[in-house]
Amino acid sequence: EAGEMSTVQEVNSRVRGIRAPVNLQGLAACISEQIGVKKPFKSVIDVSSGDPHKAGMPPISFIRQVMAVCLYPELLKEKSLPLDVRQRAQKLLDMCSGGSVGSYSTTSIGLPEVQKSISEFITRRDGGVLSHPEDIILTIGSQKGLSVFLNLLTSGEGKTQTGVLTPMPCPHTLPMLLDMTGLALVPYRLFEEQGWAVNLDELHRALEAGRVHCEPKAIYISNPGNPTGYVQDRETIEKVIRFAATNCLIILAEEVHQGSVYGQDKEFISYKKVLSEMGKTYAETMELVSFHSISTAYIGECGLRGGYMEVVNIDPAVKKCLNFTPSAPVLPQLALELSLNPPRPEDSSYNSYTQIHHIEDTLSQNAKRALEFLNRVEGMSCQPSMAGPFLYPRVHLPPHMVEEAKRLGVKADVLYCQRLLEEEGICVGAGCENGQEDKNYHIRHRYLLINNKINQFHRSFCEAMLTG
Amino acid sequence: MWNMKQLAYGALARRANQIKDELRQGVRKPYKEVIDVFQGDLHGAGMKPLTFVRQVLAACVYPPLINSNNLPLDVRQRAQKELGRCVGGSVGSYSAAAGIPEIVHSISEFIKRRDGGIPSHPENIYISPGSQWSISNILNVLVNREASPRTGVLIPVPCYNITVLSITQLGAVTVPYYLSEEQAWALQVEELQRALESAKGVCSPVALYVINPGNPAGYVQSQKSVQEVIRFAWEKRLFLLVDELYQDCVYGENCEFVSYKRTLSEMGPPFSGTVELASFHSVSKGFLGECGLRAGYVELVNLDPAVMKHIHTIFSKDSCAPVLGQIALDLMTDPPKPGDPSYPLYKQVGPENCTLVINSLPGFSCPPLEGGLFAFPRLNLTPKAVQKAKVTAEMQEDPDTFYCTRLLEEGGVFTSPGWEYGQKEGTYHIRFCIAAPQDIMEELLRRLSSFHMTFMKDFS
Chain A
1 EAGEMSTVQE
11 VNSRVRGIRA
21 PVNLQGLAAC
31 ISEQIGVKKP
41 FKSVIDVSSG
51 DPHKAGMPPI
61 SFIRQVMAVC
71 LYPELLKEKS
81 LPLDVRQRAQ
91 KLLDMCSGGS
101 VGSYSTTSIG
111 LPEVQKSISE
121 FITRRDGGVL
131 SHPEDIILTI
141 GSQKGLSVFL
151 NLLTSGEGKT
161 QTGVLTPMPC
171 PHTLPMLLDM
181 TGLALVPYRL
191 FEEQGWAVNL
201 DELHRALEAG
211 RVHCEPKAIY
221 ISNPGNPTGY
231 VQDRETIEKV
241 IRFAATNCLI
251 ILAEEVHQGS
261 VYGQDKEFIS
271 YKKVLSEMGK
281 TYAETMELVS
291 FHSISTAYIG
301 ECGLRGGYME
311 VVNIDPAVKK
321 CLNFTPSAPV
331 LPQLALELSL
341 NPPRPEDSSY
351 NSYTQIHHIE
361 DTLSQNAKRA
371 LEFLNRVEGM
381 SCQPSMAGPF
391 LYPRVHLPPH
401 MVEEAKRLGV
411 KADVLYCQRL
421 LEEEGICVGA
431 GCENGQEDKN
441 YHIRHRYLLI
451 NNKINQFHRS
461 FCEAMLTG
Chain B
1 MWNMKQLAYG
11 ALARRANQIK
21 DELRQGVRKP
31 YKEVIDVFQG
41 DLHGAGMKPL
51 TFVRQVLAAC
61 VYPPLINSNN
71 LPLDVRQRAQ
81 KELGRCVGGS
91 VGSYSAAAGI
101 PEIVHSISEF
111 IKRRDGGIPS
121 HPENIYISPG
131 SQWSISNILN
141 VLVNREASPR
151 TGVLIPVPCY
161 NITVLSITQL
171 GAVTVPYYLS
181 EEQAWALQVE
191 ELQRALESAK
201 GVCSPVALYV
211 INPGNPAGYV
221 QSQKSVQEVI
231 RFAWEKRLFL
241 LVDELYQDCV
251 YGENCEFVSY
261 KRTLSEMGPP
271 FSGTVELASF
281 HSVSKGFLGE
291 CGLRAGYVEL
301 VNLDPAVMKH
311 IHTIFSKDSC
321 APVLGQIALD
331 LMTDPPKPGD
341 PSYPLYKQVG
351 PENCTLVINS
361 LPGFSCPPLE
371 GGLFAFPRLN
381 LTPKAVQKAK
391 VTAEMQEDPD
401 TFYCTRLLEE
411 GGVFTSPGWE
421 YGQKEGTYHI
431 RFCIAAPQDI
441 MEELLRRLSS
451 FHMTFMKDFS
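Quick mapping for you: the protein sequence lines, in order, are chains A and B. full-length UniProt numbering applies: residue 1 is where the first sequence begins, and numbers increase by one. full-length UniProt numbering applies: residue 1 is where the second sequence begins, and numbers increase by one.
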């Protein structure tokens with residue numbers, strides 16, 4: 001009988017099961033419209049995501065200049081642009097089909113020259129541990145790369161459902177992604193009291209608990225941690241690798257914040273490097289995929305959507321399936337290439353490129369100041385962050401707030417964030433978005449703000465905490 | 001059908017890249033460069049990007065150019081406008097997941113104009129990194145991987161292969177309906193009926209995927225045909241997934257693109273208020289040809305608000321489409337007007353020459369091309385020729401793959417074999433893009449003719 005079409009019941013159950021987004025940003029947008037009429041603050045400050053340009057950080061001139069020329073090659077003749085910019089653009093355009101950034105990549109896994117550049121960067125970064133271009137796959141942002149790979153892992157339902165050991169807290173986009181892919185999220189707690197360290201006993205506990213209701217096949221690592229900013233040391237990484245090997249888990253290493261380590265005496269070491277130094281048994285068998293992107297650090301080009309993954313010891317048959325990843329946009333691949341092969345001292349753009357060091361200092365200082373401030377606020381405690389764009393302070397919520405949240409049917413940390421937004425115009429992320437399901441409420445906020453906004457932020461925050 | 005040949009999938013492409021490298025290194029071949037018409041990649045085929053588009057994008061990427069007198073005034077003003085919509089004034093920031101709101105609005109206005117005033121609502125439009133991404137998201141909502149019987153999706157034969165992959169990767173079953181080659185690839189309702197019947201006991205079809213204008217076959221559906229399909233979808237309660245990427249590539253005589261949405265609306269009740277429709281478009285084709293920028297959109301019609309909520313969730317979990325691509329979308333849907341300094345002169349693709357040449361070659365036949373970016377001619381080989389080809393082929397591949405491989409090696413023309421798109425058992429086709437500039441097209445046809453004559457002689 002014709003007439004009724006799709007109903008909610010027919011919607012893919014897996015889609016229905018995706019946890020609803022907390023959507024504080026939507027609330028922020030609504031509140032933005034009320035400014036001037038109902039609100040005492042001048043504008044909404046959104047510090048819930050790690051988007052540096054949103055925060056006012058300037059893009060890197062050299063990169064933007066080269067991309068502009070690539071987009072509009074007439075600029076190759078523009079004398080006001082530095083010579084090295086124009087030469088580099090020509091080189092990049094030669095990599096593109098038909099000399100245009102509007103073509104598809106020459107292969108479905110990316111421009112071969114960019115793959116080669118990336119593999120050379122990784123080899124340099126890891127002190128000579130070889131990386132092969134054909135193991136590099138360019139993606140539209142690291143999340144998409146992860147999603148494609150996760151889809152390959154998925155199988156089963158109920159007790160045989162594939163599980164992924166996931167840090168708690170984890171990147172706020174991950175829980176929804178796992179829901180969408182039909183994977184069980186098996187949380188392993190990071191130890192806040194130790195600066196959010198990974199604890200091996202906790203990994204074992206999580207795995208055992210996970211095995212009761214699903215089949216864990218992978219462990220997700222975020223290093224440097226998102227949102228915690230914790231940088232794992234070599235010892236930790238070795239322990240995790242051994243744990244994964246013993247328990248036949250694929251390691252999914254999200255390493256997108258490797259470029260923004262600012263903590264003293266802290267150094268980023270890649271999982272691949274440590275693995276390569278653990279002897280043949282591990283180095284030649286341990287399955288590892290690492291993810292990176294241009295959305296982070298001083299490049300901060302989130303809007304361009306560019307990333308890559310490197311696969312290590314992955315079955316070639318599985319790798320072939322990764323070939324069908326929808327081809328990545330060309331411009332971000334070029335931006336990636338530029339960021340990995342910056343101007344050299346003899347190039348005309350070298351001086352302006354070193355503005356990066358200035359940005360690194362700003363990041364570092366901002367982080368320190370923000371940390372000091374947060375720890376002075378009553379009812380808040382925050383572990384030092386060593387990398388990445390976030391601070392993840394714990395908030396001690398008064399019992400009456402927890403009660404009210406229950407009555408309203410929202411999570412307590414979400415209620416706190418909503419209040420902060422409504423009363424002070426500040427949008428932070430709620431810890432539950434990062435998978436924080438225990439009673440230790442947290443908020444996530446990006447500390448990178450241009451200077452005058454930080455003071456405003458601190459003032460508002462103080463007031464907010466005082467009024468509870 | 002496709003899974004077994006996945007390994008062969010990339011082989012031709014890899015070989016084409018190898019040959020390009022060899023030529024760059026100076027290896028001598030019977031040709032100086034490879035004519036790459038393997039994909040619908042207009043820029044890869046030699047089409048020049050639109051100046052206005054590139055100028056605006058360049059200025060958005062490097063805002064100091066806005067103050068440069070070298071760029072026309074309307075370019076600079078437009079770039080300023082676009083940057084004003086970007087968070088933090090930079091194309092490097094994330095945008096709202098569904099797309100920059102002003103651009104989504106622009107798209108809805110474009111659709112309304114295109115469809116003669118039929119309203120289009122911004123909240124039913126989602127921008128994504130390329131049309132395949134949106135197709136995948138919508139399929140995700142429709143396909144129940146764990147359902148028994150499995151979800152089915154009706155697809156045309158021949159069909160755009162990437163969509164087929166998306167469907168099967170999600171765990172759904174493809175239910176092929178054959179377009180009628182003898183009638184210039186017409187879509188016949190009786191065939192849709194037959195396909196639906198064949199699904200009984202095999203799967204539970206929930207959607208009907210249509211490509212108009214076609215890919216790889218170059219047809220443009222008549223309005224009557226569109227109405228028939230809509231009526232069929234209504235009767236059988238099928239969700240219509242309409243791929244309209246090539247709506248700007250219509251050139252056949254007496255051919256006109258009319259959107260499914262418009263036709264649906266003009267059919268009035270009960271159809272207009274109930275048939276569920278998702279139509280897809282992108283910046284990759286048409287006069288922009290910006291495949292590398294990755295931006296497309298989907299417009300949803302007549303969906304239950306509760307279902308829309310889930311669609312919203314799916315699009316929200318992804319970060320946004322590349323901002324530069326969104327800006328390109330805006331430029332596509334709101335181009336310069338007459339009187340603007342950059343009012344461009346759009347060139348229409350003219351493939352009449354193409355069909356003439358192809359049909360003049362013995363053993364090759366192709367219905368008149370009406371729209372889209374490809375020619376999908378049929379190789380008419382005698383059974384004896386087919387056998388001989390199979391025996392000669394190193395890997396015993398089918399004649400169409402063998403033909404394309406030889407054409408690449410000896411003629412330096414990179415095309416794709418028909419099996420990738422599906423074809424009637426025992427028939428063989430090749431697909432190639434016809435959007436290259438005239439001189440390249442002439443060279444292509446010259447090489448193809450020359451190679452073809454030799455091939456037919458060797459394998460008759």
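Note that CB positions come from ideal geometry on N, CA and C, so glycine has one too.
Item: C-alpha distance - L334(A) paired with R211(A), whole-angstrom precision; Value: 43 Å
Item: Collapsed DSSP secondary structure at S49(A) in the structure displayed; Value: coil
Item: Contacting positions in the region 135-149 of chain A - beta carbon closer than 9 Å to chain B; Value: I140, G141, Q143, K144 and S147
Item: Amino acids of chain A, ordered along the chain, whose beta-carbon sits closer than 7 Å to that of R294(B); Value: I140 and P329
Item: Helix, strand or coil at G350(B) according to DSSP, with G and I counted as helix; Value: Because G350(B) carries a pLDDT of 44, less than 50, the predicted location of this residue cannot be relied on, and no value is offered for it.
Item: Cutoff 8 Å: N140(B) Cβ touching any chain A Cβ; Value: yes
Item: Minimum Cβ-Cβ distance from D20(A) to chain B less than 8 Å; Value: It should be pointed out that residue 20(A) corresponds to Ala in this sequence rather than to Asp. It does; some Cβ of chain B falls within 8 Å.
Item: Cutoff 8 Å: R234(A) Cβ touching any chain B Cβ; Value: no
Item: Nonlocal neighbours in the same chain, by C-beta distance under 7 Å from L73(B), ignoring five residues either side; Value: P341
Item: First through last residue of the beta strand (DSSP E) which encompasses Y209(B); Value: S204 to I211
Item: Opening and closing residue of the beta strand (DSSP E) in which Y421(B) lies; Value: Taken as a continuous stretch (DSSP letters only), Y421(B) belongs to no beta strand (DSSP E), as it is neither H nor E.
Item: Spatial distance of H132(A) from V357(B) (CA atoms); Value: 45 Å
Item: Beta-carbon gap between Q132(B) and I162(B) smaller than 8 Å; Value: yes
Item: Nearest-angstrom Cβ-Cβ length linking C427(A) and S43(A), presumed shorter than 8 Å; Value: Wrong, their Cβ atoms sit about 11 Å apart, outside the cutoff.
Item: Nonlocal neighbours in the same chain, by C-beta distance under 6 Å from A370(A), ignoring five residues either side; Value: L391 and Y447
Item: Runs of alpha helix (DSSP H) wholly within the region 174-211 of chain A (minimum 4 residues, chain order); Value: 174-181
Item: Residue-chain proximity (V11(A), chain B), Cβ-Cβ < 8 Å; Value: yes
Item: Chain-order list of residues whose beta-carbon lies under 6 Å from that of K116(A) (same chain, five-residue window excluded); Value: P133
Item: D51(A), buried or exposed, once every other Cβ within 10 Å from all chains shown has been counted against 16; Value: buried
Item: Rounded C-alpha distance that separates P176(B) from K236(B); Value: 16 Å
Item: With 16 other Cβ atoms within 10 Å as the buried cut-off, status of R294(B); Value: buried
Item: Neighbour flag for D458(B) against chain A, beta carbons, 8 Å; Value: no
Item: Terminal residues of the beta strand (DSSP E) in which L241(B) lies; Value: F239 to D243
Item: Sheet register partners of G152(B) (DSSP bridge); Value: V173(B) and P205(B)
Item: Beta-ladder partner(s) of K39(A), from DSSP; Value: I35(A)
Item: Beta-carbon gap between L192(B) and L154(B) smaller than 8 Å; Value: yes
Item: Chain-order list of residues whose beta-carbon lies under 7 Å from that of I237(A) (same chain, five-residue window excluded); Value: I269, Y271 and V274
Item: Under 7 Å by beta carbon: chain A residues contacting H310(B); Value: V11, V15 and R16
Item: Outcome for M453(B) when other beta-carbon atoms lying within 10 angstroms are tallied against a minimum of 16; Value: exposed
Item: Residues of its chain near G116(B), where Cβ-Cβ distance is below 7 Å and the 5 sequence neighbours each way are ignored; Value: R262
Item: Cβ-based contacts, 9 Å cut-off: residues of the region 431-442 of chain A near chain B; Value: none
Item: Given 8 Å, three or more beta-carbon pairs between the region 138-153 of chain A and the region 252-260 of chain A; Value: yes
Item: Test item: CB-CB of V226(B) and Y260(B) under 8 Å; Value: yes
Item: Integer-rounded CB distance, given that M57(A) should sit under 8 Å from G229(A); Value: Not confirmed; about 17 Å, so no contact.
Item: Beta-carbon proximity of L379(B) to D400(B), cut-off 8 Å; Value: yes
Item: Cross-chain neighbours of A68(A) in chain B, by beta carbon under 7 Å; Value: A58, V61, Y62 and L65
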